[in-house]
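Q: To start, I am sharing the structure in question, which I have written as structure tokens.
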Ligand code: AMP
Ligand code: MG
């Protein structure tokens, strides 16, 4: 099943509907220019520049994600063709001077980095090749290469990516996808042995072929807003609604907070006609407000999933925050080892801005920046299509009212963010603990208490849930049994923290296990305990690619010439709930087992 690369339906909706860099208005003008002239500069009034990948010498295709092939609608054999290898290494584009086709491009955007406005950023080392649609699922993706050379957005950098960070992105973006967390994806990783890249040391270069429903981020809106380019903002917002989300009618209608039931908030009415302005408690919501709310809702769900699975992005700048709610930009990210809410995987994040516990707040901070970019369109309410407004914007008389309206909507959307976030977080955490229903008291008695316990005893977050999944309620029937069994959550060397003895550590876990046991019995009954365990095993991964595992894979690929390990770890990452994978039992157990003591909570620098 699946089609060949040539048969795959391709498009370029992004470049055909949005304005190009005026210096290279057509593919021909870019193609005819020497490659060096496509280097860093300021680009105004545009959302992209046509730019081709640099040709790669002696490129070696290292690995391909089978799940990515399937989701793109490519047949599995396709990865062995020379066309495929050429494509994912940047040596083939689907365009030529005679018959045209689709010319590659790099996106222009800006961003707020660590709380400060950073100006124009853009795809400094990412080049999109085309969009393609899976004809079975009808999902359209934009395929792009990361590390394929400089673009007008490379600023002071070289347009390259090192093997180390490419391996990390390749494995972990696919791992998140397998956990059901919205993310950009990775199709293939190619080694460029001839390309030596200088970071803290000389390193081999690589290219990740990656894809996403869209690569538009909050930073894409930030830049025209900073430049006062109202026309471009409107075009971009319209493009997002019509060509990314699938039409204005897909966007959510008004929900009443806090009165609404969680289920109504989770499933708002959709299908509202484009020009309808909905009134809600005297406040007018036009289509741009609905667009804003859709973006907010998606991000609320994604950050809830990060919290529930202990994933940290590490650099949540607005240029790394997707409008589609995708996990985006795999730099100094990590999966949590021991539960520590203060932990940030980013070595340079001294203020802990992007730490685990701050992620929801920071995502909201980023979304407020988006609210400001869309502020004028949202604030115009029912006058958003008036000729005077479209051409000239707000007047002195209309501005105060529009600002008030935009502020009201952003504030109310903040409540929606909290509600959607909490609903999703509770849903996922209940699932992780094996609960079918949700009770008000679960949050305090089960979620908070176990997180505090894991933190106090310095125990592993994801291992806890997997090991809990394997316990039968009859294993925790009596206080004696609970204390006995408590050590399944310990590390090989025991537990950490201050002030606990073996007995008091076991007692704390045992107490929690008793509350948990009662809730599980309430939801499933004794007779269905086996089903409860099965359900938990399908929610709580056995394998998560932690920092130490990625380091080992990098070491083996880079220094030991091991080519098998990538595919093996990818297979585990793509099937994270399995007990075993039939590859190498001893290795699988080691990779799923206790994180070696001095390799926990590793940190990474941004230089990749
Ligand atoms: P990041 O911190 O990875 O989100 O990157 C911020 C900006 O710097 C983005 O616009 C990147 O495209 C750009 N960038 C990062 N590394 C490089 C590089 N090696 N070459 C060119 N641009 C880069
Ligand atoms: Mg980025």
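Numbering (this note's numbering), first residue to last: 11 to 618.
No residue lacks a Cβ here, since even glycine has one placed at the ideal position from N, Cα and C.
Nothing here was measured: the structure is a model prediction, and the numbers come from that model.
1) Assuming residue 275 and residue 429 make a contact with CB atoms under 8 Å, what is their CB distance in whole Å?
2) Grab the span of the beta strand (DSSP E) containing residue 305 for me, first residue to last.
3) Report all residues from its chain with a CB closer than 6 Å to the CB of residue 557; omit the five preceding and five following residues, and keep chain order.
4) Quick one: using the 10 Å Cβ neighbour count with 16 as the cut-off for buried, is residue 541 buried or exposed?
5) Under the DSSP definition of a beta bridge, which residues are partnered with residue 213?
6) Roughly how many whole angstroms lie between the Cα atoms of residue 5 and residue 126?
7) Would a C-beta distance cut-off of 8 Å place residue 573 and residue 72 closer than the cut-off?
8) What is the C-beta distance between residue 136 and residue 586, in whole angstroms, given that I count them as a contact (C-beta under 8 Å)?
9) Beta carbon of residue 376: closer than 7 Å to some heavy atom of ligand 1?
10) Cutting at 7 Å between CB atoms, please list the residues of its own chain near residue 27, excluding the five before and the five after it.
11) Relative to ligand 2, is the shortest distance from any of its heavy atoms to the C-beta of residue 339 smaller than 7 Å?
12) In terms of residues, what are the limits of the beta strand (DSSP E) holding residue 74?
13) According to the Cβ coordinates, are residue 207 and residue 296 closer than 8 Å?
14) Could you tell me if residue 148 is buried or exposed, where buried requires 16 or more neighbouring beta carbons within 10 angstroms of its beta carbon?
15) Tell me whether residue 269 is buried or exposed, calling it buried when 16 or more other Cβ atoms sit within 10 Å of its Cβ.
16) Among the candidates 198, 166, 163, whose CA atom is the shortest distance from the CA of residue 177?
17) Roughly how many angstroms separate the alpha carbons of residue 22 and residue 98, rounded to a whole number?
18) Using the C-alpha atoms, what's the distance from residue 350 back to residue 521?
19) Between residue 144 and ligand 1, is the CB less than 7 Å from at least one heavy atom?
20) Go ahead and label residue 499 buried or exposed: buried means 16 or more other beta carbons lie within 10 angstroms of its beta carbon, across all protein chains shown.
21) Please determine, among 247, 409, 245, 284, the residue with the shortest C-alpha to C-alpha distance to residue 263.
22) Within 10 angstroms of the Cβ of residue 320, are there 16 or more other Cβ atoms? Answer buried if so, exposed if not.
23) How about residue 159 and residue 215: do their beta carbons lie closer than 8 Å?
24) Hey, could you find the ends of the alpha helix (DSSP H) residue 574 is sitting in?
25) Counting only runs of 3+ residues fully inside the stretch 118-188, write out the beta strand (DSSP E) ranges in chain order.
26) DSSP state of residue 7, grouped into three classes?
27) Residue 289 lies in the beta strand (DSSP E); which residues open and close that run?
28) From the DSSP output, which residues share a beta bridge with residue 84?
A: By the coordinates alone:
1) Numbered from its first residue, the chain shown carries residue 275 at position 265. Numbered from its first residue, the chain shown carries residue 429 at position 419. The Cβ separation is near 5 Å, so the contact holds.
2) On the chain shown, residue 305 is found 295 positions in, with the first residue counted as 1. Premise fails: residue 305 lies in the alpha helix (DSSP H), 297-319, not in any beta strand (DSSP E).
3) As a first step, residue 557 is located in the chain shown; it is residue number 547 there, counting from the start. Cβ within range, chain order: 344, 612.
4) The count along the chain shown starts at 1 and reaches residue 541 at position 531. It counts as exposed.
5) Translated into the one-based positions of the chain shown, residue 213 becomes position 203. Answer by DSSP bridge pairing, in chain order: 207.
6) Outside the displayed range of the chain (11 to 618) lies residue 5, so it cannot be described from this structure.
7) Numbered from 1 along the chain shown, position 563 holds the residue referred to as residue 573. Numbered from 1 along the chain shown, position 62 holds the residue referred to as residue 72. Yes, they are a contact pair.
8) Along the chain shown, one-based indexing puts residue 136 at 126. Along the chain shown, one-based indexing puts residue 586 at 576. That pair is no contact at about 27 Å.
9) Within the chain shown, numbered from 1, the residue matching residue 376 stands at position 366. No, since every heavy atom of ligand 1 falls outside the 7 Å radius drawn around the Cβ of residue 376.
10) The residue you call residue 27 lines up with position 17 of the chain shown. Result list for residue 27: 249, 253, in chain order.
11) Here the question's residue 339 lines up with position 329 in the chain shown. Checking every heavy atom of ligand 2 against the Cβ of residue 339, one is found closer than 7 Å.
12) Numbered from 1 along the chain shown, position 64 holds the residue referred to as residue 74. Where residue 74 is concerned, the enclosing beta strand (DSSP E) stretches over 70-74.
13) Sequence index remark: in the chain shown, residue 207 carries index 197 (1-based). Sequence index remark: in the chain shown, residue 296 carries index 286 (1-based). Going by C-beta atoms, residue 207 is not nearer than 8 Å to residue 296.
14) Position 138 of the chain shown, counted from the start, is the residue given in the question as residue 148. That one is exposed.
15) Residue 269 sits at position 259 when you count from the first residue of the chain shown. Answer is exposed; the Cβ neighbour count stays below 16.
16) Taking the chain shown and counting its residues from 1, one reaches residue 177 at position 167. Here the closest residue by C-alpha is 198.
17) Within the chain shown, numbered from 1, the residue matching residue 22 stands at position 12. Within the chain shown, numbered from 1, the residue matching residue 98 stands at position 88. If I take the Cα positions, the gap works out to 18 Å.
18) Counting from one through the chain shown, the residue named residue 521 turns up at place 511. Counting from one through the chain shown, the residue named residue 350 turns up at place 340. Taking the straight line from one Cα to the other gives about 21 Å.
19) The residue given as residue 144 occupies position 134 in the chain shown. False, no ligand heavy atom lies under 7 Å from that Cβ.
20) Counting from 1 along the chain shown, the entry for residue 499 is found at position 489. Classification for residue 499: buried.
21) By one-based count along the chain shown, residue 263 stands at place 253. Considering only alpha carbons, the answer is 284.
22) Here residue 320 refers to the residue found at position 310 when the chain shown is read from its first residue. Buried, because 16 or more other Cβ atoms sit within 10 Å of the Cβ of residue 320.
23) Residue mapping note: residue 159 aligns to position 149 of the chain shown, counting from 1. Residue mapping note: residue 215 aligns to position 205 of the chain shown, counting from 1. Contact flag unset, no.
24) The sequence position of residue 574 within the chain shown is 564, counting from 1. Taken as a continuous stretch (DSSP letters only), the alpha helix (DSSP H) holding residue 574 covers 574-584.
25) 120-123, 126-130, 136-143, 150-156
26) Coverage of the chain is limited to positions 11 through 618, which leaves residue 7 absent and any answer about it impossible.
27) What you label residue 289 is simply residue 279 of the chain shown in a count that begins at 1. Element bounds for residue 289: 288-290.
28) Numbered from its first residue, the chain shown carries residue 84 at position 74. DSSP, once it has assigned bridges, lists 13 as partnering residue 84.
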